[in-house]
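Have a look at the structure below, then the notes.
Residue numbers (my numbering): 36 to 168.
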């Protein structure tokens with residue numbers, strides 16, 4: 036008899052799609068730009084981590100194609116910031132990749148998000164560059 040057959044499998048928790056309005060997207064983008072324009076958030080601070088978590092959820096709920104790489108990099112960044120032994124050059128690389136991917140999405144966007152997304156991509160690349168020095 037197969038012993039795994041009698042082990043009850045956990046029932047997957049259904050995920051409820053997050054419904055994000057354009058106004059909420061704009062507010063999140065504005066919050067992030069303000070945060071990054073103020074300089075790199077302190078690693079010990081939780082505000083940057085909360086922004087990463089917000090972006091991850093919003094992007095996962097999005098119908099837009101081409102966001103998988105950004106989500107993957109956000110998860111990597113979150114893990115790097117939680118770790119105590121992360122090197123600044125690793126963070127720099129992740130931020131640069133996030134910036135490049137954000138710029139790609141901005142280039143493919145034809146709505147009101149193009150400008151702010153382009154600015155966000157540049158800020159992420161600049162932040163990564165400052166960490167790699």
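Here a beta-carbon is modelled for each residue, glycine too, at the ideal position from N, C-alpha and C.
If you're wondering where the values come from, they're calculated on a predicted model, not measured in any experiment.
The beta carbon of residue 112 sits closer than 8 Å to the beta carbons of 87, 126, 129, 130, 133 from its chain, once the five residues preceding and following it are set aside; these are given in chain order. Apart from the 5 residues on each side of it in sequence, residue 166 sits with its Cβ closer than 6 Å to the Cβ of 123, 126, 127 in its chain, given in chain order. Annotated as distal: residue 84 and residue 64, with beta-carbon spacing of 9 Å or more. By the 16-neighbour rule on beta-carbons within 10 angstroms, residue 136 is buried.
For the options 56, 155, 147, the alpha carbon positioned closest to that of residue 98 is the one of 56.
In the three-state DSSP reduction, residue 165 falls in the helix class (H, G or I).
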